[in-house]
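Those protein sequences? They're chains A and B, same order as listed. Under my numbering, residues 37 to 363 are what the first sequence spells out, in order. Under my numbering, residues 37 to 363 are what the second sequence spells out, in order. Beta carbons are placed, not taken as given, at the ideal position from N, Cα and C, and that holds for glycine. Computed from a prediction, not measured in an experiment: that's the story for all the values here. A short write-up of the structure that comes next.
Number of protein chains: 2
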Amino acid sequence: MKIRVGIVGYGNLGKGVENVISYNEDMELVGVFTRRDPSTIKTKTNIPAYTLEDAQNMKDDIDVMILCGGSAKDLPEQTPLFAKSFNVVDSFDTHANIPEHFKRVDDACRASNHVGIVSVGWDPGLFSLQRLYGEAILPQGNVQTFWGKGVSQGHSDAIRRVEGVKDARQYTIPIQETLDKVRSGNNSEFTAREKHLRECYVVVEDGADKKVIEETIKTMPNYFADYETIVHFISEEELQRDHQGLPHGGVVLHTANTGFDNEHKQVIEYKLDLDSNPEFTSSVLVAYARAAYRLANEKQFGCKSVFEVAPVYLHASSVEELRKKLL
Amino acid sequence: MKIRVGIVGYGNLGKGVENVISYNEDMELVGVFTRRDPSTIKTKTNIPAYTLEDAQNMKDDIDVMILCGGSAKDLPEQTPLFAKSFNVVDSFDTHANIPEHFKRVDDACRASNHVGIVSVGWDPGLFSLQRLYGEAILPQGNVQTFWGKGVSQGHSDAIRRVEGVKDARQYTIPIQETLDKVRSGNNSEFTAREKHLRECYVVVEDGADKKVIEETIKTMPNYFADYETIVHFISEEELQRDHQGLPHGGVVLHTANTGFDNEHKQVIEYKLDLDSNPEFTSSVLVAYARAAYRLANEKQFGCKSVFEVAPVYLHASSVEELRKKLL
């Protein structure tokens, strides 16, 4: 019997789950649950669409719900709510609020005997795992995370809120020179400006003052003021033609010295180079949906992060097979 | 109370454990157990040395034994034996024999209520974990492992067995061109010759026939015949001066495409660059010794591989702390 999966929210991430579930032969998609009118949704693979409320009548038809909404407004409400009726997986990524979100999902899961796995994806997610493995193995060392080159939705949105801006795309780019320094074992603390630069492609309204817009972007606190920021003004056609993808990626670098005289440098590097950020994040969510299903079968109820899930739960093969083939 | 650790075998790996345990404030070293006469052992940090037999009288003094012997002769015998009296961790690395070794350690652990974690290190070990996470997340993809640049002890030993050879050091070197192909998403099956080359530094006896030795090395089945092999003849002084280190490393590359039209390339790359192979392997062993101790406290007896150990068991901090700081 296949693991039956539901998708809550049909944006980029939900469509990603719909795509990547097809690579997993032990899983099948039951439906998409949406806040919109389901009759207006045409799914890519003709999976039926339902309202969020419909889900309550489908508790016996779905083994795991993958929540594909946003971390700002959707997930804080939806993940604990759906955890009352389903095993759930989400990609909640507001780092500072993870402990609080975890607690709420944990309470809901324990009260209803379900498994929740939250903050799944690549950061938080796979990058977090690398930070943990690195620190556990080389506790005397130093870990640095670099992001990009990739599109930051949050920074693109921030530019769109500037008066006179019609549309925008912001790329976060790691600074190669600093990456190389860390790679070669330099354990200094680098500033935001030393680690990343921000490149912005901006479409403006007719007659807008580009000078003012550029200045407003570059001095925006939190988002841009602490970085070297490059602003390009382009046409709507150029934005449509050259900047529709959602690539991303990054590097987690852990460096340390060992040896009785600290004479040996040890470098662990984990790098993602992703043409599609949402499709990769979806791939991680789907693997952890398998884990949630299995943990629920073992009655290991409650909320977990990627830290608490043994790797073997993610892979479709048996542990004996994995020890034989992949160890 | 600190986790009390014993070391079985005082070679490169045992000395590595002695070194890296000092970076782990929650652990302490009780002693080194050796086949040699303990009175002839002078440990680097003045840890006492004992005979292997002494260990039987120290069951209550040691929480985890780290077995630092070789995979050919020591570990198949020692790990199951010590598992009768202790929680054990080893770096058994003969891939083909792992299932059998696992079974023997598992039987010993279950009969005596201990935890064993076998085949811990970087390959098998951290590289295995990356292969598992990669395949679980992108099952439609392709994984390739490259080793080096680094010293292969097995290949160095094979050269030393050639008549007329006094000493030798063999470096395994990944072929950059193939690495770049895989990184760019080329999922072909590459041959041994396409993936690695073997560079040998050889010291010969006076009057030995270098031509015959070179030919013997290059045509040696399994070890060299399937590779491009470069042989350098050097003096004993040069070998002592330039080739005493034990660097190693490598790359696990997982590539896959996603998207309804397979239009998006996704690349996961995990890379190790190690000045000291034994000290890094020891670092991994020590982190898994912590895990073995904790699993034993939870009465999760039996043998495990890195696949079955949730990441959280490796790190000294509490899971709440880790979720807050590293997620």
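- Per the coordinates, the alpha-carbon of Lys307 of chain A lies some 11 angstroms from the alpha-carbon of Arg219 of chain B.
- Nearest CB-CB separation between Thr317 of chain A and chain B: not below the 8 angstroms threshold.
- A distance below 8 angstroms separates the beta carbons of Phe69 of chain A and Leu88 of chain A.
- Leu165 of chain A and Leu363 of chain B have their C-alpha atoms spaced approximately 8 angstroms apart.
- The C-beta of Ala108 of chain B has fewer than 16 other C-beta atoms within 10 Å across all chains shown, which makes the residue exposed.
- Contacts between Asn223 of chain B and chain A, judged by CB atoms closer than 8 angstroms, are missing: the closest CB pair is about 14 angstroms apart.
- Between Glu315 of chain A and Gly295 of chain B the beta-carbon gap is near 6 angstroms, inside 8 angstroms, which marks them as a contact.
- Exclusion of the five residues before and after His131 of chain B leaves Pro160 as the residues of its chain whose Cβ lies within less than 7 angstroms of its Cβ.
- Boundaries of the beta strand (DSSP E) around Ile43 of chain B: Ile39 to Val44.
- Identification of chain A residues near Ile304 of chain B by a Cβ-Cβ cut-off of 7 angstroms yields Leu308, ordered along the chain.
- Take Phe118 of chain A, set aside five residues on each side of it, and the residues of its chain with a beta-carbon closer than 6 angstroms to its own are Met101 and Val124, in chain order.
- In this structure the segment 343-350 of chain A does not touch the segment 44-63 of chain B; the number of beta carbon pairs closer than 8 angstroms is below three.
- Put simply, of A:Ala261, A:Lys360, A:Ile195 and A:Gly157 the residue whose alpha carbon is nearest the alpha carbon of Tyr237 of chain A is A:Ile195.
- Under the three-state reduction of DSSP, Thr87 of chain A is assigned to strand.
- Look at the beta carbons and you see the segment 224-244 of chain A touching the segment 266-275 of chain A: at least three pairs across the two are nearer than 8 angstroms.
- Remark: fewer than three beta-carbon pairs, one from each stretch, lie closer than 8 angstroms, so the segment 170-181 of chain A and the segment 149-157 of chain A are not flagged as touching.
- Legend: CB atoms of the segment 49-65 of chain A lying less than 7 angstroms from CB atoms of chain B belong to residues Asn55, Val56, Tyr59 and Asn60.
- Listed along chain A, the residues sitting closer than 8 angstroms to Leu165 of chain B by beta-carbon distance are Tyr169 and Pro347.
- Of the candidates B:Arg359, B:Lys361, B:Leu358 and B:Phe343, B:Phe343 places its Cα closest to the Cα of Leu162 of chain B.
- Here the C-alpha atom of Gly286 of chain A lies approximately 44 angstroms from the C-alpha atom of Asn82 of chain B.
- Here Lys340 of chain B is buried, its C-beta having at least 16 other C-beta atoms within 10 Å.
- Runs of the beta strand (DSSP E) spanning 3 or more residues and lying entirely within the segment 108-176 of chain A occur at 123-126 and 151-153, in chain order.
- For the pair His300 of chain B and Asp96 of chain A, the CB atoms are not nearer than the 8 angstroms cut-off.
- Under the three-state reduction of DSSP, Gln280 of chain B is assigned to coil, being neither helix nor strand.
- Chain A has a Cβ within less than 8 angstroms of the Cβ of Asp311 of chain B.
- Listed in chain order, the beta strand (DSSP E) runs fully inside the segment 312-338 of chain A amount to none, counting runs of at least 3 residues.
- At least one CB atom of chain B sits nearer than 8 angstroms to the CB of Glu344 of chain A.
- In summary, Ser155 of chain A is buried, with 16 or more beta-carbon neighbours lying within 10 Å of its beta-carbon over all protein chains present.
- Shown here, His232 of chain B sits in a strand according to DSSP, grouped into three states.
- Listed along chain A, no residue sits closer than 8 angstroms to Phe337 of chain B by beta-carbon distance, the nearest being about 16 angstroms off.
- Shown here, Glu199 of chain B sits in coil according to DSSP, grouped into three states, outside any helix or strand.
- For Leu49 of chain A, the enclosing alpha helix (DSSP H) starts and ends at Asn48 to Val56.
- Rounded to whole angstroms, the separation of the alpha carbons of Pro84 of chain A and Lys78 of chain A is 8 angstroms.
- Partner residues in the beta bridge of Asp309 of chain B, as assigned by DSSP, are A:Val303 and B:Gly285.
- Interface flag for Pro112 of chain B against chain A is unset, since no Cβ pair is found closer than 8 angstroms.
- Leu65 of chain B: member of the beta strand (DSSP E) spanning Met63 to Thr70, first to last residue.
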